[in-house]
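The sequence shown runs 185 to 602 under the working numbering.
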Amino acid sequence: MKALRFLTAGSVDDGKSTLIGRLLFDGQAILADQLDTLERRAAGRPIDLSLLTDGLEAEREQGITIDVAYRYFATENRKFIIGDAPGHEQYTRNMVTAASSADAAVVLVDATKLDWKNPSMELLQQTRRHSLLVNLLRVPSIVFAVNKLDAVDDSTLAFKNIGAALTAFAKAAKIPVKAIVPISALIGHNVVDAKPGWCGYEGASLLQLLEHLPATPAERTEAFAFPVQWVEKFSSSSDTSQGRRVFWGRVATGGVQPGQTITVLPSGQSAVVAQMLDHTREPRSILAGHSAGIVLDREVDVSRGDWLLATDTFEPTRELSVTIAWMDDEPLVAGRVYWALHGHRWVKAKVKRIVHKLDVNTLAEEDASELPPNAIGHIELSLQAPLATLPYKRSRVLGSLVLVDTASNKTSGAALIL
Numbered sequence: 185m186k187a188l189r190f191l192t193a194g195s196v197d198d199g200k201s202t203l204i205g206r207l208l209f210d211g212q213a214i215l216a217d218q219l220d221t222l223e224r225r226a227a228g229r230p231i232d233l234s235l236l237t238d239g240l241e242a243e244r245e246q247g248i249t250i251d252v253a254y255r256y257f258a259t260e261n262r263k264f265i266i267g268d269a270p271g272h273e274q275y276t277r278n279m280v281t282a283a284s285s286a287d288a289a290v291v292l293v294d295a296t297k298l299d300w301k302n303p304s305m306e307l308l309q310q311t312r313r314h315s316l317l318v319n320l321l322r323v324p325s326i327v328f329a330v331n332k333l334d335a336v337d338d339s340t341l342a343f344k345n346i347g348a349a350l351t352a353f354a355k356a357a358k359i360p361v362k363a364i365v366p367i368s369a370l371i372g373h374n375v376v377d378a379k380p381g382w383c384g385y386e387g388a389s390l391l392q393l394l395e396h397l398p399a400t401p402a403e404r405t406e407a408f409a410f411p412v413q414w415v416e417k418f419s420s421s422s423d424t425s426q427g428r429r430v431f432w433g434r435v436a437t438g439g440v441q442p443g444q445t446i447t448v449l450p451s452g453q454s455a456v457v458a459q460m461l462d463h464t465r466e467p468r469s470i471l472a473g474h475s476a477g478i479v480l481d482r483e484v485d486v487s488r489g490d491w492l493l494a495t496d497t498f499e500p501t502r503e504l505s506v507t508i509a510w511m512d513d514e515p516l517v518a519g520r521v522y523w524a525l526h527g528h529r530w531v532k533a534k535v536k537r538i539v540h541k542l543d544v545n546t547l548a549e550e551d552a553s554e555l556p557p558n559a560i561g562h563i564e565l566s567l568q569a570p571l572a573t574l575p576y577k578r579s580r581v582l583g584s585l586v587l588v589d590t591a592s593n594k595t596s597g598a599a600l601i602l
C-alpha cells in the first residue's frame with residue numbers, strides 16, 4: 185500500500201505535536217538516543233512528546249509550533265509521512281504548504297476550550313479556518329480528532345456535543361468528513377490502540393483509520409502536461425539522449441509516448457517526443473506523479489519554467505477567477521501586482537477585482553474592498569502572459585498558483601483556480 189502523507193491541523197495548543205509524538209512513541213518509531221534525551225530532559229516527570237516534532241529553538245522556547253515538521257514512521261500495514269502544521273494564525277501559510285501535498289488531514293479539536301455542555305456550542309475560529317483550507321486545497325480525506333477528553337468531567341457528553349457541532353459545521357461548509365474520533369494524545373486513548381466504549385465510541389482508533397485511508401491518485405486521466413524544472417545540456421550519454429538536450433521535471437498530468445507531438449508554452453513551437461527517461465536514465469513510459477526526462481526529436485527553444493503540453497488540448501489564458509487564501513501581513517487590494525508561480529513558470533499577475541470574502545464563522549460570502557491577513561476570498565486576476573490551467577478540482581498542479589510579493593519576495597497567497 186502506498187505511503188500516506190497526512191498533516192495535523194487545528195487551533196494553537198490543541199495537541200497536534202503531542203499527538204504525533206504519541207504516534208511515534210506508541211508506534212516504537214523513536215530512536216534510543218532520542219528517547220534517552222527526552223527522559224533526561226523530563227527529569228522524572230512525564231515525557232513531553234511534543235518535543236519530538238518541535239525542533240526549532242524558538243519553538244522550544246515559546247512552546248509553539250512555527251514551521252511544518254515532517255516525521256516518518258511505519259506500521260506493519262503502512263508507511264506514513266506526517267506534517268505537523270502550526271496552529272497560530274500568523275503561520276497559516278506554513279499549514280497551507282503542508283496541506284497542498286497531503287493525502288489526509290487530521291483536524292484536532294481541544295475539548296477543554298469549548299463550551300462542551302452546550303449542544304449549540306461555537307467551534308474555534310482557527311478550527312473552522314483550517315478545516316475550510318484543507319477542504320479548499322482538496323485534501324481527499326479529513327478526520328476530526330476530539331482531543332483532551334480525559335480532562336473534562338463528562339467525556340461522553342462532551343464528545344457527543346462536540347461531534348454534533350463538527351457534523352453541523354462540515355455539512356454547512358460541504359466538507360466531506362471520514363470520521364470523528366475521540367482521543368487523548370497525552371494518555372494515548374484511541375490514538376494507536378482502540379479503547380472500545382470510551383466516550384461512547386465503538387469505532388477504530390485514529391491510527392487504524394489512517395492505515396486504511398486512500399492515497400491521492402495521480403492525475404493520469406487529464407491531458408499530458410509537464411513543467412520543465414531543469415534543462416540538461418547535450419549529454420555525453422548518447423545512448424540515452426541521442427546527443428540532444430534532456431528536459432527534466434515531474435509529469436503533472438496524463439502521460440506521453442515516443443512519437444507523440446507536444447507543444448511548448450509559451451513559445452508555441454511543436455516537436456515530437458523521441459524518448460522518455462526515468463530517474464535512472466532508462467527509457468520507459470512515465471505517467472503523472474513521477475519524475476522524467478524528455479528528449480525531443482529536434483532542438484527547440486525550451487527553458488526552465490516552460491511547459492510541454494499535449495497539442496491542441498489546452499487553451500492558455502490571461503484571465504483567471506480564483507479562490508485565494510491570503511497569507512501576507514499586508515491586506516490584498518485591487519490593483520496590486522504580484523509574481524504568480526505556476527509550476528516553475530513566473531508571470532506578473534494583477535488583482536483586477538475582489539469578488540467577495542468568506543466569513544469563516546457564518547460561511548457567508550461578503551462584499552469586500554480588501555482581504556485581511558489569513559482571509560479566504562474570491563478574486564479575479566489578469567496575467568501578463570498566458571498560462572495553461574485547469575480548475576483546481578481537476579488538477580492540483582495545473583489549478584494552483586502561488587502569489588509572491590514583488591518587493592519582499594514573501595509568499596503572499598495561495599490561489600486555486602475556479
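Cβ coordinates follow ideal geometry from the N, Cα and C atoms, glycine included. Computed from a predicted structure; not experimentally measured.
Query                                                                                                                                                                             : Result
Quick one: what's got a C-beta closer than 6 Å to residue 684's C-beta in the same chain, skipping five residues either side?                                                     : The structure shown does not extend to residue 684, since the chain spans only 185 to 602, so no value can be given for it.
Going by Cα to Cα distance, which pick from 405, 329, 441 and 436 is closest to residue 387?                                                                                      : 329
Could you tell me which of 347, 224, 319 and 482 sits nearest to residue 304, measuring between CA atoms?                                                                         : 347
Within 10 angstroms of its Cβ, does residue 299 collect 16 or more other Cβ (buried), or is it exposed?                                                                           : exposed
Between which residues of its own chain and residue 498 is the CB-CB distance below 6 Å, once the five residues before and five after are set aside?                              : 572
Do the segment 198-209 and the segment 371-388 touch if we need at least three Cβ pairs shorter than 8 Å?                                                                         : yes
My understanding is that residue 290 touches residue 327, with C-beta atoms under 8 Å, so please give their C-beta distance in whole angstroms.                                   : 5 Å
So the alpha helix (DSSP H) residue 210 belongs to, where does it begin and stop?                                                                                                 : 200-210
Is it the case that the segment 562-577 contacts the segment 499-516, given that we only count it when at least three CB pairs across the two stretches are under 8 Å?            : yes
Check whether the Cβ atoms of residue 430 and residue 473 lie closer than 8 Å to each other.                                                                                      : no
Name the DSSP beta bridge partners of residue 291, please?                                                                                                                        : 193 and 328
How is the beta strand (DSSP E) around residue 533 delimited, first residue to last?                                                                                              : 529-542
Quick check on residue 575: buried or exposed, where buried means 16 or more other Cβ atoms within 10 Å of its Cβ?                                                                : exposed
Quick one: using the 10 Å Cβ neighbour count with 16 as the cut-off for buried, is residue 510 buried or exposed?                                                                 : buried
Could you name each continuous beta strand (DSSP E) segment of 3 residues or more that falls completely within the segment 352-410, going from the start of the chain to the end? : 363-366
Please classify residue 318 as buried or exposed, where buried requires at least 16 neighbouring CB atoms within 10 angstroms.                                                    : buried
CA-CA distance, residue 249 and residue 188?                                                                                                                                      : Summary for residue 249: the model assigns pLDDT 43, below 50, so the residue's position carries little reliability; its value from the coordinates is reported in the next sentence. Cα to Cα, the separation comes out at about 22 Å.
Assign residue 369 to one of two classes, buried (16 or more other C-beta atoms within 10 Å of its C-beta) or exposed (fewer than that).                                          : buried
Quick check on the DSSP output: the beta strand (DSSP E) that includes residue 459 runs from which residue to which?                                                              : 454-461
What's the C-alpha gap between residue 439 and residue 349?                                                                                                                       : 44 Å
Tell me where the alpha helix (DSSP H) around residue 312 begins and ends.                                                                                                        : 309-320
CA-CA distance, residue 195 and residue 283?                                                                                                                                      : 15 Å
Taking just the CA atoms, how far does residue 459 sit from residue 476?                                                                                                          : 10 Å
Quick one: Cα of residue 382 to Cα of residue 371, how far?                                                                                                                       : 13 Å
Just confirm the distance between the C-beta atoms of residue 464 and residue 602, as a whole number of angstroms; I'd bet it's less than 8 Å.                                    : Incorrect: roughly 40 Å between the Cβ atoms, too far for contact.
Cβ atoms of residue 393 and residue 365: under 8 Å apart, would you say?                                                                                                          : yes
Taking residue 335 and residue 296 to be in contact with their CB atoms under 8 Å, please state how far apart those CB atoms are, rounded to whole angstroms.                     : 5 Å
Would residue 491 and residue 547 qualify as a contact pair, given that the criterion is a beta-carbon distance under 8 Å?                                                        : no
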